[in-house]
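Structure first, then comments.
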Amino acid sequence: MENMHSAMDSLVHGSNTLFILMGAILVLAMHAGFAFLEVGTVRHKNQVNALSKILSDFAISALVYFFIGYWIAYGVNFLQPAAALAADQGYALVKCFFLLTFAAAIPAIISGGIAERARFVPQLCATALIVAFVYPFFEGVVWNGNLGLQAWLQARFGAPFHDFAGSVVVHAMGGWLALAAVLLLGARRGRYRDGRLVAFAPSSIPFLALGSWILIIGWFGFNVMSAQTLQGVSGLVAINSLMAMVGGTLSALLAGRNDPGFLHNGPLAGLVAVCAGSDLMHPVGALVTGLVAGALFVWTFTAAQNRWKIDDVLGVWPLHGLCGVWGGLACGVFGQAALGGIGGVSLVSQLLGSLLGVLVALAGGFAVYGAIRALHGLRLSHEQEFQGADLSLHRIGATSQD
């Protein structure tokens, strides 16, 4: 009997380890999506830089999160004998791997906002500070109960802040951090002339579309496998993610008037927004969440570029920052049992948690990027920006004519 229990425990731990490992691999693959979305959106002279930033940012993120960030968020470190780390089929290590891929999404998001004008090494320094300290602070507050905020919200409003797969913890944080960096860097040279927007056409719609599709596919690992165990997996999360994705696609198609850039970012807007409540909403609520997110992205991207003169290259503040906040609030609306959801959420808790995420991101973004700008400089020189980051920083272009 004891052997049977041991075998069953081993099977459970092994299955859970494999489950979350597959999720980590899917989210890791999303970083290729971030890379190609940026490669396709930027001008040809900055494609190599886009690819180089995403991979380098991931490597830096992995190191600082493994040694510092995960400890800040969850109070766990891995400076133990390998025999101890291998317990339960190494589930604790793979859980860190999974959450590490989430953390590394933050600099990948920021990269798209500050593209074509940020210096390479200072950006890597910013990545290290954000993934080691800023992001884990808020992650630990929401997902580990640090500082007692969740307990206070539960006692005061009947429910903690609910963010199942990170509409606010990951996406809103990334988007608002990017906004701080964009405002400190300023617009790309030549982007505005006599107060008017000058169009910088995407270098490759096929690459942009490829990036979008890779992200869409990987997102089902991002959302569904946020359950972190086989026992917790839910088909509801998968269908809600699908409905939000198609809702975002259709509303961006209509609001964007067939523009392929808007079309391929629409599904991402829907997926950003549904992360928080994908485990609670009815599929119709998820569809509405996606529809609103797609239109919100198109409108705010257009207004930011034309009216507010915010040169956010990939529109990561509208896509991740604003749609992420909308997702946090939508969870508090469509997660309610009265609207077909499972319940157990509070709109007030969702509002307060979302606002806290925005404040932490803005404060952290201005502190990190402001300090680096003052000490070392953030921006390429006029000549480097004109020549392009590929030749200026990496000494090679994306394609050769030879």
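One point on numbering: in full-length UniProt numbering, the residue at position 331 of the sequence shown is 331, and numbering is uninterrupted. Here a beta-carbon is modelled for each residue, glycine too, at the ideal position from N, C-alpha and C.
Let's test the definition: count the other Cβ atoms within 10 Å of the Cβ of residue i and tell me whether it reaches 16, buried, or not, exposed.
i	result
W326	buried
S6	exposed
F36	buried
A374	exposed
P81	exposed
Q150	buried
T399	exposed
F386	exposed
P318	buried
N3	exposed
V141	buried
D9	exposed
A83	exposed
Q401	exposed
R193	exposed
Q231	exposed
H282	buried
I396	exposed
P267	buried
E383	exposed
Helix, strand or coil for residue i per DSSP?
i	result
L147	helix
L197	strand
A118	strand
State yes or no: is the C-beta of residue i within less than 7 Å of the C-beta of residue j?
i	j	result
H320	I54	no
G186	C275	no
I372	C125	yes
V368	I68	no
M30	L271	no
S251	G294	yes
G388	N46	yes
H13	Y135	no
L79	L85	no
R188	R257	no
N49	D390	yes
G332	V345	yes
V182	G113	yes
A330	A269	no
A244	G195	no
G221	G23	yes
A105	V170	yes
P202	G40	yes
A178	N240	no
L210	T101	no
F200	S349	no
D279	F164	yes
V298	F262	yes
F137	G357	no
N306	L197	yes
V64	A132	yes
From what residue to what residue does the alpha helix (DSSP H) around residue i run?
i	result
S241	G235 to A255
H264	P260 to V274
D88	A87 to G113
N77	Per DSSP, N77 belongs to no alpha helix (DSSP H) and is neither H nor E.
M225	Note, M225: premise wrong, no alpha helix (DSSP H); not H, not E.
G175	M173 to L185
Looking at chain C, is there any beta carbon in it that lies within less than 7 Å of the beta carbon of residue i?
i	result
V284	The question asks about chain C, but that chain is absent: this structure has only one protein chain.
Quiz item: Taking only runs of the alpha helix (DSSP H) that begin and end inside the region 298-384, which ones reach a length of at least 4 residues, in chain order?
Solution: 323-334 and 347-375
Self-check item: Length at least 4, wholly inside the region 13-66: the alpha helix (DSSP H) runs in chain order
Solution: 47-64
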